[in-house]
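J.: For the sequence shown, UniProt numbering assigns the number 1 to the initial residue and increments by one for each residue that follows.
Don't be surprised by glycine CBs; every beta carbon is placed ideally from N, CA and C.
Take a look at the following structure, please.
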Amino acid sequence: MKDIATSEDDSNLLVLIIDTNPFVWDQIAKADTPLSLDDALRQVLIFVNAHLALKYNNKVVVIASHGGHSKFLYPLPHQEGQLLHVSTSNSKRNANMYPHFQLVTDQIVEGLQDLLSDTDILKKENFTSSMTTGAFSMALCYINRIIKMDDLGHIKPRILILSVSPDAPQQYIPLMNCIFSAQKMGIPVDVCRVFEEETAFLQQAANITGGVYINVDNSQALLQYLMFAFLPERYARNFLNLPSQDLVDFRAACFCHKNIIDTGFVCSVCLSIFCSWTPVCSTCKTKFAFRPKLTGRTSAKGTPIPPASTPSTPS
């Protein structure tokens, strides 16, 4: 990851990507330790307000990773740059709540209500997987624009992905492009995994970019995980012992069938990955001179040993 100097006077930009896949959230609500999207949203909003309250110049951006598309929930494009002057006419003013907190809360809730109203359309179009890559790309584009406008370099961005959906192998290539772009820009990518098994691709995102990856064991304690692991800013992390990954799943998805594989064949020219040997690379059209032979080895007891490394084909 790119080494970027941080200071306690920096303005911290948190880009929060929320996986709003309604089909997965319906499963979470019926799990042994249930957590509805409404309950999760309440805890996330507390976390967002806590981030804004830490420092007067902290900023937040919220993007929804929905089925088939992604959308900015906050700030809205036509309101950017004048957020503090936007009237909250659609909701009653709460005298006990800081106006900026109420503005952020109202816009996120209204945006999610609009997204979830299209659930029937998602079923009809068969958009059952979340567009994490699309939201990731939008976050990087937004951060790049903000950094270009920051002549003094005081804005320090980071990305937090609240993930509930399983890995989508068909999104592997664009997702890895986003991960390496974040690494080059020096942007840490944090991942809060809420439901079911680990996600291999997002594990790699956190590991490569120097972010924090946590699999939430108790979904009811989501706010506790967010506050203790993901609230500290980039400068404060230099003095904290944050959770680290003991094991990282570095499996990849093959370019031919979009399956997650343990062992594959790699093109020595363009580094495309295939689950079976092919005489011609379908990506760069390179022709290989011979077919590799996988010679089996045996242990001292005579039992076969699988190949120790991933075989590769010469150019």
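Would you tell me roughly how many angstroms separate the C-alpha atoms of residue 61 and residue 48, rounded to the nearest one?
T.: Stepping through the sequence shown from its first residue, residue 61 is reached at position 61. Stepping through the sequence shown from its first residue, residue 48 is reached at position 48. Answer to the nearest angstrom: the Cα atoms are 9 angstroms apart.
J.: Are residue 248 and residue 203 touching if we call contact CB-CB under 9 angstroms?
T.: Position 248 of the sequence shown, counted from the first residue, corresponds to residue 248. Position 203 of the sequence shown, counted from the first residue, corresponds to residue 203. Contact flag set, yes.
J.: State buried or exposed for residue 152, treating a residue as buried only when at least 16 other CB atoms are found within 10 Å of its CB.
T.: The residue labelled residue 152 in the question sits at position 152 within the sequence shown. With fewer than 16 Cβ atoms within 10 Å of its Cβ, residue 152 is classed as exposed.
J.: Only counting the same chain, and skipping five residues up and downstream in sequence, which positions put a Cβ closer than 6 angstroms to that of residue 260?
T.: The sequence position of residue 260 within the sequence shown is 260, counting from 1. Only 169, 251 and 253 meet the Cβ criterion.
J.: With residue 255 and residue 283 assumed to form a contact (beta carbons below 8 angstroms), what rounded beta-carbon distance in angstroms separates them?
T.: In the sequence shown, counting from the first residue as 1, residue 255 sits at position 255. In the sequence shown, counting from the first residue as 1, residue 283 sits at position 283. Confirmed, about 6 angstroms.
J.: Let me know the secondary structure DSSP gives residue 218 once reduced to three states.
T.: For the purposes of this step, residue 218 is taken as residue 218 along the sequence shown, with counting starting at 1. Coil at residue 218, not helix or strand.
J.: Would you call the CB atoms of residue 234 and residue 158 closer than 9 angstroms?
T.: Working through the sequence shown from its first residue, we reach residue 234 at position 234. Working through the sequence shown from its first residue, we reach residue 158 at position 158. Against a cut-off of 9 angstroms, the Cβ pair of residue 158 and residue 234 comes out as a contact.
J.: For residue 23 and residue 37, what's the separation of their Cα atoms in angstroms?
T.: Position 23 of the sequence shown, counted from the first residue, corresponds to residue 23. Position 37 of the sequence shown, counted from the first residue, corresponds to residue 37. Roughly 11 angstroms between the two C-alpha positions.
J.: Thinking C-beta only, is residue 6 closer than 9 angstroms to residue 65?
T.: Translated into the one-based positions of the sequence shown, residue 65 becomes position 65. Translated into the one-based positions of the sequence shown, residue 6 becomes position 6. Not a contact, by the Cβ cut-off of 9 angstroms.
J.: What is the DSSP secondary structure of residue 83, counted as helix, strand or coil?
T.: Counting from one through the sequence shown, the residue named residue 83 turns up at place 83. Residue placement at residue 83 cannot be trusted, given a pLDDT of 43 that sits under 50; the coordinates are not used to answer.
J.: State yes or no: is the C-beta of residue 217 within less than 9 angstroms of the C-beta of residue 206?
T.: Here residue 217 is taken as the residue at index 217 of the sequence shown, counted from 1. Here residue 206 is taken as the residue at index 206 of the sequence shown, counted from 1. It is not a contact, given that the beta carbons lie outside the stated cut-off.
J.: When we look at the beta-carbon of residue 74 and count the other beta-carbons within 10 Å, is it buried (16 or more) or exposed?
T.: In the sequence shown, the residue the question calls residue 74 occupies position 74. When all chains shown are included, residue 74 counts as buried.
J.: Quick check: residue 193 and residue 215, are their CB atoms within less than 9 angstroms of each other?
T.: For the purposes of this step, residue 193 is taken as residue 193 along the sequence shown, with counting starting at 1. For the purposes of this step, residue 215 is taken as residue 215 along the sequence shown, with counting starting at 1. Taking 9 angstroms as the Cβ cut-off, residue 193 and residue 215 qualify as a contacting pair.
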